[in-house]
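S.K.: I'd like to ask you about the structure that follows.
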Amino acid sequence: MKVWKKTLIISLSLLNINLTKAEPLEFQKIIFETEKLIPTIIEVEGVFDKNVQTIPFEYFQVAENLRQLDGLAKDNKELLTKVMAFNERCALNERSSKIVRALCLTHYGNAAKRQKKKVDWEKFPNDVKDLAKLILED
75 MKVWKKTLII SLSLLNINLT KAEPLEFQKI IFETEKLIPT IIEVEGVFDK NVQTIPFEYF
135 QVAENLRQLD GLAKDNKELL TKVMAFNERC ALNERSSKIV RALCLTHYGN AAKRQKKKVD
195 WEKFPNDVKD LAKLILED
């Protein structure tokens, strides 16, 4: 089982990645790493200390990876289609935590909006949609 109580250290190098000269290999690597990072419900169950508000580092890394994928796919329709498919699968994955599913749904919805594609919101669970709305409001 993965250890989820890691200290949050966000490296500045994560924030300064040049996404304009990305190769497809980098894209595949980010997808692979993101899939590995997404915790299942079982993995995070009972991890949070009820007295202390903590967020596992992996959630921040998943969010950063989703942002990177959006940047890589920004001007590439083929990659954008793959990113949207990944985000949709992630948002529908019942084994993943709601927080991660909501992050994926947020990125999926934003990409669909940019592409002027219609989204079938009914296929996503209400609790995930509600959490995604909170993410978008902040």
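End of the sequence shown = 212 in our numbering, gap-free, step of one. The C-beta atom is built at its ideal place from N, Cα and C for all residues, glycine as well.
#1: Quick test of your reading: ILE173 and LEU205, contact by CB under 8 Å. State the CB separation rounded to the nearest angstrom.
#2: If you check the beta carbons only, do ASP149 and HIS181 fall under 8 Å apart?
#3: Per DSSP, SER170 forms a beta bridge with which residues?
#4: According to DSSP, is LEU140 helix, strand or coil?
#5: Might you give, ordered along the chain, the residues of its own chain that have their beta carbon closer than 6 Å to the beta carbon of CYS178, omitting 5 neighbours on each side?
#6: Residues in its own chain within less than 7 Å of TYR133 by CB, not counting five upstream and five downstream?
#7: Pick out whichever of SER170, ALA185, ASP194 and GLU117 has its Cα sitting closest to the Cα of THR155.
#8: Less than 8 Å between the beta carbons of ILE112 and GLN142, yes or no?
#9: Measure from the alpha carbon of ASN139 to the alpha carbon of each residue in VAL157, LYS203, PRO98 and THR108, then state which is nearest.
#10: Rounding to the nearest angstrom, what Cα-Cα distance links GLU196 and GLU168 in this structure?
#11: Of the choices LYS192, ALA176, LYS191 and LYS187, whose alpha-carbon is the least far from that of PRO199?
#12: Enumerate in chain order the residues of its own chain whose CB-to-CB distance from ILE116 is below 6 Å, with the five nearest sequence positions on each side excluded.
#13: My assumption, with CB atoms under 8 Å, is that ALA159 sits in contact with LEU153. Please give the rounded CB distance.
#14: State the Cα-Cα distance for the pair MET203 and ILE129, rounded to the nearest angstrom.
M.R.: Put simply:
#1: 7 Å
#2: no
#3: THR114
#4: helix
#5: Excluding residues within five positions, the ones whose Cβ falls inside 6 Å are ASN161, CYS164 and ALA165.
#6: ILE173 and VAL174
#7: Out of SER170, ALA185, ASP194 and GLU117, the CA that lies nearest to the CA of THR155 is found in ALA185.
#8: no
#9: THR108
#10: 15 Å
#11: ALA176
#12: none
#13: About 11 Å separates the two Cβ atoms, so there is no contact after all.
#14: It is Lys, not Met, that sits at residue 203 in the sequence shown. Near 20 Å, if we compare the C-alpha coordinates of ILE129 and LYS203.
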